[in-house]
Amino acid sequence: MTAKHLEKLSVDYLELLNDKEDFNIIINVGESPNTKIFRAHSNVLRYRSLYFRNKLENTVKNENNIKTINLKHISFQQFEVIIKYIYGGVVFLENQETSFIFELMFIASEFLLEELTKDIENHLIETKANWFRLNFMRIYQKSFQNNQFQNLQKWCNDFLVKYPNKIFDSEDITSLQENALVSLIKRDDLQMEEIKIWKYIIKWGIAQNPDLSLDGLENWTNDNFLSLKNRLKSCLPHVRYFQISGYDIVDYVQPYHQILDRNLWDDIMKRAVNPNRQISSIILPPRTKLTATLPTRTM
């Protein structure tokens, strides 16, 4: 016979969390005046969260055999959800604002609660797409803070390849994280002219270096160009140079040709003069054009 009473076990552990007598951990959460004290048990925290396992190893007991942990950077409302999940394995988010749930996902990640993090990520993607669109820059920036949110990163990029101006025409383009920019411009289905992609990359690269400016390019030194080249080293390989017209090459690429490898620049110029000229550089394929499909008409 096999009997499973996980729900009862969950309830019992949540009751243990509320036990004010038998505890050996105090967790101070939040900043004054919005603070709350949680009392917990080291064995539960250690086995349910790698974060707390590491934290407790580096925390000294006081004279009463109690360890104290301070978590000022999160709200006690958010931590209350986290600690109940650690004890009972349950999360109730039905009445929570989407913004609260979104931030909770990052806190769950910080506490190394992989299952909870993934569950919240999938829940948001499946049910909160409209909220994502309304708060896109916030979602996009935070989702690329680390590689744990790959499903969310993919949702963002799938959206952006169809509507690239959502990010490229935003003033926030210059504050975009490099890995986010690279993940977008490497997409074959990015719906944007190649010369525009080049311009935005240059704008982004210059914004990362306070010593550079789009104005006064004639006064740039070799060190200035080298600085820009180094900053854009992860972006430049993903530009489809041979899909840019000769006119645009001369007007917009040539002024920055020093940031390109000499052989690549020579091949770009050869192809601009003679499109059938044999070259040694790798030619990336043109980006695919997405076509809108009309719904099937029913009779």
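Under UniProt numbering, the residue at position 163 of the sequence shown is numbered 163, and the numbers go up by one with no gaps. From the three backbone atoms N, C-alpha and C, an ideal C-beta is built for every residue, glycine too.
Contact check, residue i vs residue j under 8 Å by CB: the rounded distance?
i: L93; j: I101; result: 5 Å
i: K72; j: E31; result: 5 Å
i: S42; j: L56; result: 6 Å
i: V253; j: I244; result: 7 Å
i: C228; j: L212; result: According to the sequence shown, residue 228 is Leu rather than Cys. Right, their Cβ atoms sit about 6 Å apart.
Residues in the same chain with beta-carbon distance under 6 Å from residue i, minus the five sequence neighbours each way, listed in chain order, please.
i: S109; result: T117, Q148
i: M192; result: P164
i: P295; result: With a pLDDT of only 41 at P295, under the threshold of 50, the placement of this residue in the model should not be trusted; the figure read from the coordinates follows. Within the same chain, P295 has no close Cβ partners at all.
i: Y241; result: I268
i: D248; result: I195
Given residue i, which residues of its chain have a CB within under 7 Å of its CB, disregarding the five upstream and five downstream residues?
i: S49; result: I86, F111, L112, L113
i: R46; result: F52, R53, L56
i: V91; result: V81, Y85, L116
i: I279; result: D267, K270, R271
i: P286; result: R240, Q243
i: F23; result: R39, A40, H41
i: R277; result: K270, R271
i: S183; result: Q153, N157
Give me the residue from the options with the minimum Cα distance to residue i.
i: E63; options: I25, P237, F144, T98; result: I25
i: I83; options: I27, N146, N95, N219; result: I27
i: N157; options: D19, L190, P275; result: L190
i: L226; options: N65, E194, R262, E121; result: R262
i: L284; options: E194, L228, W220; result: E194
i: E15; options: P33, W155, R39, N34; result: R39
i: D169; options: Q150, F132, H123, I201; result: I201
i: F136; options: K166, N70, M105; result: K166
i: E97; options: T127, N58, E7, G89; result: T127
i: A207; options: E103, H238, D172; result: D172
i: K186; options: C235, N95, D215; result: C235
i: N34; options: L6, K8, F79, S10; result: F79
Pull up the DSSP beta-bridge partners for residue i, would you.
i: N28; result: I37, N70
Considering only residues of the same chain and omitting the five flanking positions on each side of residue i, which have a CB-CB separation below 8 Å?
i: Q177; result: Q141, F144, Q145
i: Q77; result: F100
i: G246; result: A272, V273
i: M1; result: Confidence is the limiting factor: at M1 the pLDDT is only 45, short of 50, which leaves the residue's position unreliable and the question unanswerable from this model.
Does the CB of residue i have a neighbour CB from chain C at under 7 Å?
i: I66; result: Among the chains in the structure shown there is no chain C, since it carries only a single protein chain.
Note down, one range per segment and in chain order, each alpha helix (DSSP H) of at least 4 residues found wholly within the stretch 192–266. 194–207, 222–231
Going along the chain, which unbroken runs of the alpha helix (DSSP H) with 4 or more residues stay wholly within the stretch 124–192? 129–134, 136–143, 150–162, 165–168, 178–185
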